[in-house]
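This report refers to the structure that appears directly beneath it.
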Amino acid sequence: QLPNVDDFNLFKPISRGAYGKVYLAYKRTNAEEVFAVKVMKKAEMKYKNMADRVTTERDVMAHSNSPFVTQIFYSFHSDQNVFLVMEYLIGGDLKSLLHVYGVLRETEAVYYTAQIIQALIYLHSNGIVHRDLKPDNMLISAKGHLKLTDFGLSKI
């Protein structure tokens, strides 16, 4: 049986983007496994003519097999919303890290830059152009690895 929104507890908003809100969530059957769930209103998607962007974002993540691209686990919809259930990356985004520290040490900058380059090599070799590369769209895992996210403007 395919999952739906009733299978998840969306308990804390963690960000707001141009296309919707992202919530911290867990499956009701397993509170130990945490996800990031992007919720987008269908009416707003239609009004902003962004259904294609949501489909692109979902498709890029669903077909990706790179450790440098955020993983999606499920996508589904209700009468009013579309949901993308993705891995939760506890380290936040690179923009927030830069805001806290101001600048990165050279070793950190090289470390993150190498991971961005690996992500871009993977995407480009698979015919995908991100087209919205910025620190806000670079998330950091619990192990300190960087992953690209927000593929709504991507070109396949």
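Those letters in the sequence shown? Residues 1 to 156, by full-length UniProt numbering. Ideal placement from N, C-alpha and C gives every residue a C-beta, glycine not left out. Being a predicted model, the structure only gives us computed values, none of them experimental.
- Taking just the CA atoms, how far does aspartate 7 sit from alanine 25? Roughly 10 Å separates the two Cα atoms.
* To do: Identify whether residue 184 lies in helix, strand or coil by the three-state DSSP scheme.
  => Because the chain here runs from 1 to 156, residue 184 falls outside it and cannot be looked at.
- Query: Going by C-alpha distance, which of Lys46, Ala36, Asn81, His99 is nearest lysine 12?
  - Reply: By alpha-carbon distance to lysine 12, the top candidate from Lys46, Ala36, Asn81, His99 is Ala36.
Worksheet entry | Which of helix, strand or coil DSSP assigns to aspartate 93 | Reduced to three states, the DSSP call for aspartate 93 is strand.
Can you say whether glutamine 1 is buried or exposed, counting buried as having 16 or more other CB atoms within 10 angstroms of its CB?
By the 10 Å Cβ count, glutamine 1 comes out exposed.
**Request:** Report all residues from its chain with a CB closer than 6 Å to the CB of isoleucine 14; omit the five preceding and five following residues, and keep chain order.
**Result:** Within the same chain, isoleucine 14 has close Cβ partners Val22, Leu24.
- Task: Pair every Cβ in the region 89–100 with every Cβ in the region 119–126, then say whether three or more of these pairs are closer than 8 Å.
- Result: With contact defined as three or more Cβ pairs closer than 8 Å, the region 89–100 and the region 119–126 are not in contact.
Item to complete: Report the rounded CA-to-CA distance for histidine 145 versus glutamate 32, giving the unit in angstroms.
Response: Using only the alpha carbons, I get a separation of about 21 Å.
* Mind checking whether proline 39 and glycine 17 have CB atoms under 8 Å apart? -> First, the amino acid is wrong: residue 39 is valine here, not proline. Contact check for valine 39 against glycine 17 fails: the beta carbons are separated by 8 Å or more.
ask   = When the Cα atoms are used, what is the spatial distance from aspartate 132 to threonine 55?
value = So the two alpha carbons sit approximately 16 Å from each other.
Worksheet item: Taking the alpha helix (DSSP H) that valine 54 falls in, what are its first and last residues?
Response: Per DSSP, valine 54 is one residue of the alpha helix (DSSP H) stretching across 51–63.
Exercise. Can you tell me which of Gly91, Val60, Asn81, Glu44 puts its alpha carbon nearest to the alpha carbon of isoleucine 72?
Key: Minimum Cα distance to isoleucine 72 is reached at Val60.
* Per-residue burial, isoleucine 156 [other beta carbons within 10 Å of its own, 16 or more giving buried] -> Exposed: under 16 other Cβ atoms inside 10 Å.
Please determine, among Phe83, Arg53, Lys42, Asp136, the residue with the shortest C-alpha to C-alpha distance to leucine 10. Minimum Cα distance to leucine 10 is reached at Phe83.
Closest to proline 3 by C-alpha separation, out of Ala62, Lys48, Ala43, Tyr74, would be which residue? Considering only alpha carbons, the answer is Tyr74.
Worksheet entry | Classification of arginine 53 by the beta-carbon crowding that lies within 10 angstroms, buried from 16 upward | It is buried - the Cβ of arginine 53 has at least 16 other Cβ atoms within 10 Å.
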